[in-house]
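Report on the structure given below.
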Amino acid sequence: MSRKALGRGIDSLITKVRDNDISGDMVQKIPVGSIIPNPYQPRRIFDEEKLTELAESIKAGGLLQPITVWRNNGDGQYTVLAGERRLRACKLAGLAEIDAIIRKDLSDEQKLGLSLIENIQREDLNAVDTAMAYRQLMDKFSVSQADIASRVGKSRAAVSNTLRLLELDADIRQGIQAGVITEGHARALISIPDSSKRREFYQRIISEKLTVRDIEGFAQGFHKDRPRVPKAPRAGSRRTPEVLALESELEKTLGTKVEVCPGPGPQNGRIVVHYFSFDDLDRVTRIIKK
45 MSRKALGRGI
55 DSLITKVRDN
65 DISGDMVQKI
75 PVGSIIPNPY
85 QPRRIFDEEK
95 LTELAESIKA
105 GGLLQPITVW
115 RNNGDGQYTV
125 LAGERRLRAC
135 KLAGLAEIDA
145 IIRKDLSDEQ
155 KLGLSLIENI
165 QREDLNAVDT
175 AMAYRQLMDK
185 FSVSQADIAS
195 RVGKSRAAVS
205 NTLRLLELDA
215 DIRQGIQAGV
225 ITEGHARALI
235 SIPDSSKRRE
245 FYQRIISEKL
255 TVRDIEGFAQ
265 GFHKDRPRVP
275 KAPRAGSRRT
285 PEVLALESEL
295 EKTLGTKVEV
305 CPGPGPQNGR
315 IVVHYFSFDD
325 LDRVTRIIKK
(Lines of atoms letter the chains of each structure in order from A and count residues from 1; the text may use other names and numbers.)
(Lines give C-alpha, C1' and ligand atoms only; values in the text may rest on other atoms or scores of the structure.)
Protein backbone atom coordinates (compact mmCIF):
# COMPACT_ATOMS: atom_id res chain seq x y z
CA MET A 1 0.00 0.00 0.00
CA SER A 2 1.54 3.29 -1.06
CA ARG A 3 1.83 6.39 1.10
CA LYS A 4 -0.29 8.22 -1.47
CA ALA A 5 -3.12 5.75 -0.95
CA LEU A 6 -2.85 6.08 2.81
CA GLY A 7 -3.08 9.83 2.50
CA ARG A 8 -6.61 9.53 1.14
CA GLY A 9 -7.83 9.03 4.68
CA ILE A 10 -8.26 6.60 7.53
CA ASP A 11 -11.50 5.08 6.22
CA SER A 12 -9.82 3.86 3.02
CA LEU A 13 -7.19 2.09 5.13
CA ILE A 14 -9.77 0.38 7.34
CA THR A 15 -11.94 -0.66 4.39
CA LYS A 16 -9.06 -2.28 2.51
CA VAL A 17 -7.97 -4.26 5.54
CA ARG A 18 -11.48 -5.48 6.31
CA ASP A 19 -12.22 -6.41 2.70
CA ASN A 20 -9.04 -8.51 2.55
CA ASP A 21 -9.42 -10.14 5.95
CA ILE A 22 -13.03 -11.18 6.48
CA SER A 23 -11.94 -14.69 7.45
CA GLY A 24 -9.85 -13.35 10.30
CA ASP A 25 -12.78 -12.04 12.33
CA MET A 26 -13.33 -15.25 14.34
CA VAL A 27 -12.73 -15.56 18.06
CA GLN A 28 -10.19 -18.26 18.94
CA LYS A 29 -8.38 -19.28 22.10
CA ILE A 30 -4.62 -18.79 21.85
CA PRO A 31 -1.83 -19.29 24.42
CA VAL A 32 -1.11 -16.15 26.45
CA GLY A 33 2.60 -16.92 26.22
CA SER A 34 2.56 -16.73 22.42
CA ILE A 35 1.46 -13.07 22.37
CA ILE A 36 4.00 -10.23 22.30
CA PRO A 37 3.41 -6.50 23.01
CA ASN A 38 2.43 -4.09 20.28
CA PRO A 39 5.30 -1.85 19.08
CA TYR A 40 2.72 0.74 17.97
CA GLN A 41 0.85 0.82 21.30
CA PRO A 42 -0.13 4.46 22.03
CA ARG A 43 -0.51 3.81 25.76
CA ARG A 44 2.77 4.45 27.53
CA ILE A 45 1.72 3.94 31.17
CA PHE A 46 -0.38 1.09 32.61
CA ASP A 47 -1.84 1.67 36.07
CA GLU A 48 -0.79 -1.35 38.13
CA GLU A 49 -3.62 -0.95 40.65
CA LYS A 50 -6.25 -0.87 37.92
CA LEU A 51 -4.61 -3.86 36.20
CA THR A 52 -4.88 -5.81 39.45
CA GLU A 53 -8.56 -4.85 39.76
CA LEU A 54 -9.20 -5.99 36.18
CA ALA A 55 -7.34 -9.25 36.83
CA GLU A 56 -9.56 -9.96 39.84
CA SER A 57 -12.65 -9.22 37.73
CA ILE A 58 -11.44 -11.61 35.02
CA LYS A 59 -10.83 -14.32 37.64
CA ALA A 60 -14.38 -13.90 38.90
CA GLY A 61 -16.31 -13.51 35.64
CA GLY A 62 -13.95 -14.27 32.77
CA LEU A 63 -12.84 -12.02 29.92
CA LEU A 64 -15.91 -10.25 28.57
CA GLN A 65 -14.34 -8.81 25.41
CA PRO A 66 -11.73 -10.65 23.32
CA ILE A 67 -8.51 -8.93 22.37
CA THR A 68 -7.48 -8.46 18.74
CA VAL A 69 -4.13 -9.72 17.44
CA TRP A 70 -2.32 -10.25 14.17
CA ARG A 71 -0.49 -13.48 13.34
CA ASN A 72 3.24 -13.05 12.85
CA ASN A 73 4.70 -14.68 9.77
CA GLY A 74 5.68 -18.30 10.45
CA ASP A 75 7.00 -17.91 14.02
CA GLY A 76 3.92 -19.13 15.89
CA GLN A 77 3.57 -15.81 17.70
CA TYR A 78 0.93 -13.10 17.71
CA THR A 79 1.13 -9.36 18.32
CA VAL A 80 -1.58 -7.37 20.11
CA LEU A 81 -3.58 -5.06 17.87
CA ALA A 82 -6.05 -3.92 20.56
CA GLY A 83 -6.45 -5.03 24.16
CA GLU A 84 -2.94 -5.02 25.62
CA ARG A 85 -4.32 -3.96 29.00
CA ARG A 86 -6.70 -6.95 29.00
CA LEU A 87 -3.80 -9.23 28.01
CA ARG A 88 -1.69 -7.98 30.91
CA ALA A 89 -4.59 -8.49 33.31
CA CYS A 90 -5.12 -12.06 32.03
CA LYS A 91 -1.45 -12.79 32.68
CA LEU A 92 -1.85 -11.44 36.23
CA ALA A 93 -4.93 -13.63 36.64
CA GLY A 94 -2.84 -16.67 35.68
CA LEU A 95 -4.79 -17.62 32.54
CA ALA A 96 -3.03 -19.93 30.09
CA GLU A 97 -5.22 -18.97 27.12
CA ILE A 98 -7.13 -15.90 26.01
CA ASP A 99 -9.99 -15.24 23.59
CA ALA A 100 -8.70 -13.32 20.58
CA ILE A 101 -9.79 -12.15 17.14
CA ILE A 102 -6.94 -13.04 14.79
CA ARG A 103 -6.18 -10.74 11.86
CA LYS A 104 -3.77 -11.83 9.17
CA ASP A 105 -1.99 -10.68 6.02
CA LEU A 106 -1.47 -7.13 7.26
CA SER A 107 1.33 -4.88 6.08
CA ASP A 108 3.37 -2.97 8.67
CA GLU A 109 1.55 0.21 7.64
CA GLN A 110 -1.85 -1.43 8.12
CA LYS A 111 -0.78 -2.74 11.53
CA LEU A 112 0.26 0.75 12.59
CA GLY A 113 -2.88 2.42 11.28
CA LEU A 114 -5.31 -0.09 12.76
CA SER A 115 -3.50 -0.22 16.09
CA LEU A 116 -3.56 3.54 16.50
CA ILE A 117 -7.20 3.87 15.48
CA GLU A 118 -8.36 1.02 17.75
CA ASN A 119 -6.59 2.59 20.73
CA ILE A 120 -7.46 6.24 20.03
CA GLN A 121 -11.15 5.34 20.07
CA ARG A 122 -10.80 4.05 23.62
CA GLU A 123 -11.73 6.83 26.05
CA ASP A 124 -9.22 5.80 28.75
CA LEU A 125 -6.09 6.90 26.88
CA ASN A 126 -4.53 9.95 28.49
CA ALA A 127 -4.34 13.14 26.44
CA VAL A 128 -0.59 12.99 25.70
CA ASP A 129 -0.75 9.38 24.49
CA THR A 130 -3.71 10.36 22.30
CA ALA A 131 -1.75 13.32 20.92
CA MET A 132 1.21 11.07 20.14
CA ALA A 133 -1.11 8.66 18.33
CA TYR A 134 -2.59 11.53 16.28
CA ARG A 135 0.93 12.66 15.40
CA GLN A 136 1.92 9.16 14.28
CA LEU A 137 -1.13 8.96 12.01
CA MET A 138 -0.28 12.32 10.49
CA ASP A 139 3.42 11.54 10.03
CA LYS A 140 3.14 7.92 8.88
CA PHE A 141 0.00 8.16 6.78
CA SER A 142 -0.26 11.85 5.82
CA VAL A 143 -3.71 11.84 7.41
CA SER A 144 -5.21 15.30 8.00
CA GLN A 145 -6.47 16.61 11.32
CA ALA A 146 -9.94 16.85 9.78
CA ASP A 147 -9.88 13.16 8.84
CA ILE A 148 -8.74 12.15 12.32
CA ALA A 149 -11.49 14.31 13.84
CA SER A 150 -14.12 12.67 11.66
CA ARG A 151 -12.94 9.17 12.49
CA VAL A 152 -12.73 9.60 16.28
CA GLY A 153 -15.89 11.72 16.57
CA LYS A 154 -14.28 14.96 17.72
CA SER A 155 -14.07 18.47 16.30
CA ARG A 156 -11.01 19.53 14.34
CA ALA A 157 -10.32 22.15 17.03
CA ALA A 158 -10.34 19.42 19.71
CA VAL A 159 -7.82 17.36 17.73
CA SER A 160 -5.65 20.45 17.19
CA ASN A 161 -5.79 21.35 20.89
CA THR A 162 -4.78 17.82 21.85
CA LEU A 163 -1.83 17.94 19.45
CA ARG A 164 -0.65 21.18 21.06
CA LEU A 165 0.06 19.27 24.27
CA LEU A 166 3.15 17.92 22.51
CA GLU A 167 4.58 21.47 22.63
CA LEU A 168 4.92 21.22 26.42
CA ASP A 169 8.23 20.32 28.04
CA ALA A 170 8.91 16.59 28.42
CA ASP A 171 8.50 16.55 32.21
CA ILE A 172 5.12 18.28 31.96
CA ARG A 173 3.98 15.77 29.32
CA GLN A 174 5.09 12.96 31.63
CA GLY A 175 3.10 14.57 34.43
CA ILE A 176 -0.04 14.35 32.29
CA GLN A 177 0.67 10.71 31.41
CA ALA A 178 1.19 9.82 35.06
CA GLY A 179 -1.93 11.70 36.20
CA VAL A 180 0.08 14.21 38.24
CA ILE A 181 -1.77 17.07 36.53
CA THR A 182 -5.01 17.05 34.55
CA GLU A 183 -5.51 17.75 30.87
CA GLY A 184 -7.27 20.98 31.91
CA HIS A 185 -4.17 22.10 33.78
CA ALA A 186 -2.05 21.29 30.73
CA ARG A 187 -4.26 23.32 28.39
CA ALA A 188 -4.09 26.27 30.76
CA LEU A 189 -0.29 25.99 30.89
CA ILE A 190 -0.07 26.10 27.09
CA SER A 191 -1.74 29.51 27.10
CA ILE A 192 1.27 30.88 29.04
CA PRO A 193 3.77 31.80 26.31
CA ASP A 194 6.77 32.11 28.64
CA SER A 195 8.42 28.68 29.04
CA SER A 196 10.00 29.44 32.43
CA LYS A 197 6.64 30.59 33.81
CA ARG A 198 4.99 27.42 32.50
CA ARG A 199 7.51 25.32 34.41
CA GLU A 200 7.10 27.45 37.51
CA PHE A 201 3.34 27.00 37.51
CA TYR A 202 3.63 23.30 36.73
CA GLN A 203 5.59 22.89 39.96
CA ARG A 204 3.09 25.07 41.83
CA ILE A 205 0.18 22.93 40.59
CA ILE A 206 1.89 19.98 42.25
CA SER A 207 3.06 21.69 45.45
CA GLU A 208 0.20 24.15 46.04
CA LYS A 209 -2.66 22.21 44.41
CA LEU A 210 -3.49 25.12 42.11
CA THR A 211 -6.73 24.74 40.15
CA VAL A 212 -7.22 25.11 36.41
CA ARG A 213 -8.89 28.47 37.06
CA ASP A 214 -5.84 29.62 39.01
CA ILE A 215 -3.63 28.95 35.98
CA GLU A 216 -6.13 30.50 33.57
CA GLY A 217 -6.25 33.61 35.75
CA PHE A 218 -2.50 33.97 35.65
CA ALA A 219 -2.44 33.44 31.89
CA GLN A 220 -5.07 36.14 31.45
CA GLY A 221 -3.07 38.51 33.63
CA PHE A 222 0.08 37.70 31.68
CA HIS A 223 -1.60 38.80 28.47
CA LYS A 224 -2.93 41.94 30.13
CA ASP A 225 0.52 42.90 31.29
CA ARG A 226 2.16 42.52 27.88
CA PRO A 227 3.50 45.85 26.61
CA ARG A 228 1.14 47.24 24.04
CA VAL A 229 2.56 48.78 20.88
CA PRO A 230 0.84 52.11 20.22
CA LYS A 231 -1.08 52.09 16.97
CA ALA A 232 -0.77 54.94 14.56
CA PRO A 233 -4.17 56.48 13.77
CA ARG A 234 -5.38 55.65 10.29
CA ALA A 235 -6.07 58.44 7.88
CA GLY A 236 -9.70 59.43 7.94
CA SER A 237 -10.53 57.23 10.94
CA ARG A 238 -12.54 58.51 13.89
CA ARG A 239 -10.33 56.96 16.57
CA THR A 240 -11.18 59.47 19.24
CA PRO A 241 -9.71 59.37 22.76
CA GLU A 242 -12.99 57.76 23.87
CA VAL A 243 -12.62 54.96 21.30
CA LEU A 244 -9.00 54.37 22.29
CA ALA A 245 -9.94 54.28 25.97
CA LEU A 246 -12.71 51.74 25.29
CA GLU A 247 -10.29 49.63 23.25
CA SER A 248 -7.78 49.65 26.11
CA GLU A 249 -10.46 48.67 28.63
CA LEU A 250 -11.63 45.76 26.49
CA GLU A 251 -8.05 44.53 26.06
CA LYS A 252 -7.55 44.51 29.83
CA THR A 253 -10.81 42.62 30.34
CA LEU A 254 -10.21 40.01 27.63
CA GLY A 255 -6.44 39.76 27.99
CA THR A 256 -5.84 39.98 24.25
CA LYS A 257 -5.60 42.46 21.39
CA VAL A 258 -8.88 44.26 20.61
CA GLU A 259 -9.66 46.77 17.86
CA VAL A 260 -12.66 49.11 17.97
CA CYS A 261 -13.26 50.18 14.39
CA PRO A 262 -15.82 52.96 13.81
CA GLY A 263 -17.90 52.43 10.68
CA PRO A 264 -18.85 54.82 7.91
CA GLY A 265 -21.86 56.07 9.89
CA PRO A 266 -21.84 57.80 13.28
CA GLN A 267 -23.54 54.87 15.05
CA ASN A 268 -22.03 51.75 13.51
CA GLY A 269 -18.70 49.92 13.37
CA ARG A 270 -17.17 46.67 14.50
CA ILE A 271 -15.13 45.24 17.35
CA VAL A 272 -12.32 42.85 16.36
CA VAL A 273 -11.09 40.48 19.08
CA HIS A 274 -7.81 38.72 18.24
CA TYR A 275 -6.72 35.29 19.44
CA PHE A 276 -3.37 33.60 18.95
CA SER A 277 -4.16 29.92 19.53
CA PHE A 278 -7.18 27.68 20.00
CA ASP A 279 -6.59 27.77 23.74
CA ASP A 280 -6.57 31.57 23.58
CA LEU A 281 -9.88 31.42 21.69
CA ASP A 282 -11.38 29.12 24.33
CA ARG A 283 -10.21 31.44 27.13
CA VAL A 284 -11.58 34.60 25.47
CA THR A 285 -14.87 32.86 24.63
CA ARG A 286 -15.35 31.82 28.26
CA ILE A 287 -14.79 35.42 29.42
CA ILE A 288 -17.29 36.76 26.88
CA LYS A 289 -19.93 34.20 27.88
CA LYS A 290 -19.75 35.07 31.59
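Here the sequence shown is numbered in this note's numbering, starting from 45 and rising by one per residue. For each residue, glycine too, the CB sits at the ideal point set by N, CA and C.
Residue 126 and residue 200 have their C-alpha atoms spaced approximately 25 Å apart. Three or more beta-carbon pairs separated by less than 8 Å are not found between the region 184 to 203 and the region 236 to 245, which leaves the two stretches without contact. Counting C-beta pairs with one atom in each stretch, the region 134 to 148 and the region 97 to 117 have three or more that are closer than 8 Å, which means they touch. In the three-state reduction of the DSSP assignment, residue 287 falls in the helix class. Judged by DSSP in its simplified three-state form, residue 79 adopts strand. In the DSSP assignment, residue 220 falls within the unbroken alpha helix (DSSP H) covering 214 to 221.
For residue 140, the three-state secondary structure derived from DSSP is coil. Per DSSP, the unbroken alpha helix (DSSP H) holding residue 92 starts and ends at 92 to 105. By a beta-carbon distance limit of 8 Å, residue 327 contacts residue 263. Their separation comes to about 7 Å. Shown here, residue 125 sits in a strand according to DSSP, grouped into three states. Of the candidates 198, 227, 222, 227 places its Cα closest to the Cα of residue 209. In the assembly as shown, residue 90 is an exposed residue. Its beta-carbon has fewer than 16 other beta-carbons within 10 Å.
Residues of the same chain with a CB within less than 6 Å of the CB of residue 295, apart from the 5 flanking positions on each side, are 302 in chain order. Straight-line measurement puts the Cα of residue 75 at about 12 Å from the Cα of residue 113.
Taking a 10 Å sphere around the C-beta of residue 119, we find fewer than 16 other C-beta atoms and assign the residue as exposed. Counting the other CB atoms within 10 Å of its CB gives residue 239 a total below 16, which places it among the exposed residues. Residue 111 and residue 259 have their C-alpha atoms roughly 41 Å apart. As the crow flies, the alpha-carbon of residue 330 is around 34 Å from that of residue 186. Beta-bridge partners of residue 112 (DSSP): 126, 145. Of the residues assessed, residue 176 falls on the buried side of the cut-off, its CB having 16 or more other CB atoms within 10 angstroms. Comparing alpha carbon positions, the residue from 78, 286, 139 closest to residue 105 is 139.
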